[in-house]
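Under the numbering used here, the first residue of the sequence shown carries the number 2, and numbering increases by one thereafter.
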Amino acid sequence: MDHPSGSAPLAALQSTRRPDDQSLNRAASEPVKLDMLMSQQQQNGRDTPSTSSHLPDFDWEDFEARYERALEDADDHEREILKEAESLSKYFRAWASAASVQDNERAVKRLQTRQRFVNISEEKMAQKQQHCTCLIQSSLFKNKWLIKEDLTAFHEAHFSQNAISHFTGTFMSPGSEAAASYDVEECDLEDDGLGYYDDGVKRTLTDEQIEIFRHSELQRLRKAEEKKTVTSTESLILDDGELSESHDAKSRSTFTGQLGPKRKKRKTNKPPREPKPDLRKRTWDVVEAGLDTLDYD
2 MDHPSGSAPL AALQSTRRPD DQSLNRAASE PVKLDMLMSQ QQQNGRDTPS
52 TSSHLPDFDW EDFEARYERA LEDADDHERE ILKEAESLSK YFRAWASAAS
102 VQDNERAVKR LQTRQRFVNI SEEKMAQKQQ HCTCLIQSSL FKNKWLIKED
152 LTAFHEAHFS QNAISHFTGT FMSPGSEAAA SYDVEECDLE DDGLGYYDDG
202 VKRTLTDEQI EIFRHSELQR LRKAEEKKTV TSTESLILDD GELSESHDAK
252 SRSTFTGQLG PKRKKRKTNK PPREPKPDLR KRTWDVVEAG LDTLDYD
């Protein structure tokens with residue numbers, strides 16, 4: 002940066018700080034007063050600075066040199082600040098470009114991974130669909146095969162030559178089996194050892210069993226007779242109670258009949274009461290006499 006030489010401010014400082022000639026002449030014309038003042042200050046113990054006659058001359062060249070040196074130092078410091086700012090701006094630009102590149106790479110990687118996952122999911126879905134179709138086809142094929150096997154097994158079990166011969170031998174000509182069963186029954190009847198009654202009927206119970214059945218039958222008849230006697234006595238008691246109750250009812254009716262004509266209702270001229278509305282019913286649809294409809298205006 003270009004700065005001025007500083008001649009104008011130096012001239013201003015010289016005009017302001019240079020001692021006045023009139024003040025110097027005035028101080029020289031009054032030496033007695035100055036001596037008196039000096040003596041008083043010495044007596045008071047105070048050291049005052051020397052008068053203007055003893056002040057050294059101001060070195061304006063030194064001041065100008067120091068001023069220019071300070072300006073140069075400020076220029077150097079400012080240049081250093083500018084250089085540092087420029088280096089920081091370069092560093093920031095490089096960092097921003099690197100960050101943008103890294104962000105772009107991350108975005109590309111994310112898109113690639115997402116695309117990869119989408120492709121994998123689509124492949125899995127296609128594999129599942131293919132597997133389902135294969136399972137359906139295989140199940141249909143197995144069902145057909147099982148149906149055929151079931152049909153052949155059913156036919157062999159029911160309509161083969163062996164099955165037909167077994168059916169005819171079992172159900173069409175059961176003579177031998179019936180004869181065998183009849184013989185077995187006859188043998189069983191002959192082997193009972195119970196004997197026959199006088200009329201020729203074969204006995205099926207022993208004498209002890211017959212005695213047991215007779216005893217149980219007698220016990221049952223005895224209990225039935227006891228129940229009949231108990232019910233008859235209860236009915237007699239109930240009949241007596243009904244007669245007494247009917248007599249009491251007749252006496253009450255006669256008593257009320259005697260009191261009846263004495264009690265007469267007093268006639269009143271009160272108007273009939275209006276029927277109370279049923280509060281349990283809904284009233285939002287009840288229209289008053291002065292209103293035609295429920296429609297709003």
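Using N, Cα and C, we set each Cβ at its ideal position, and we do this for glycine too.
Exposed unless 16 or more other CB atoms sit within 10 angstroms - verdict on residue i
i	result
Cys135	exposed
Asp63	exposed
Pro276	exposed
Spatial distance of residue i from residue j (CA atoms)
i	j	result
Phe93	Val102	14 Å
His167	Glu157	13 Å
Lys231	Leu219	The residue you asked about is not Lys; residue 231 is Val in the sequence shown. In a straight line, the C-alpha of Val231 is about 19 Å away from that of Leu219.
Ser236	Glu227	15 Å
Asp74	Glu65	14 Å
Glu212	Leu222	16 Å
Ile1	Ala100	It is not possible to answer for residue 1, since the shown part of the chain is limited to 2 through 298.
Phe59	Tyr68	15 Å
His216	Gln210	10 Å
Leu225	Leu195	Note that residue 225 is Ala in the sequence shown, not Leu. Answer to the nearest angstrom: the Cα atoms are 34 Å apart.
Leu72	Lys84	18 Å
His78	Pro57	35 Å
Asp76	Lys91	22 Å
Arg107	Ser140	49 Å
Arg70	Ala97	40 Å
His132	Val119	20 Å
Gln130	Glu124	10 Å
Thr114	Ala95	28 Å
Ala154	Arg204	52 Å
Ala127	Leu112	22 Å
Asn163	Asp200	51 Å
Glu81	Arg117	53 Å
Ser88	Asn105	26 Å
Ser161	Asp208	57 Å
Phe214	Ser233	29 Å
Thr171	His159	14 Å
Tyr198	Thr169	43 Å
Ile137	Leu152	22 Å
Met173	Val202	35 Å
Neighbour flag for residue i against chain D, beta carbons, 8 Å
i	result
Thr207	You won't find chain D in this structure, because it holds only one protein chain.
(request) Jot down the residue ranges of each uninterrupted beta strand (DSSP E) in the segment 102 to 169, minimum 3 residues, whole runs only, in chain order. (result) none
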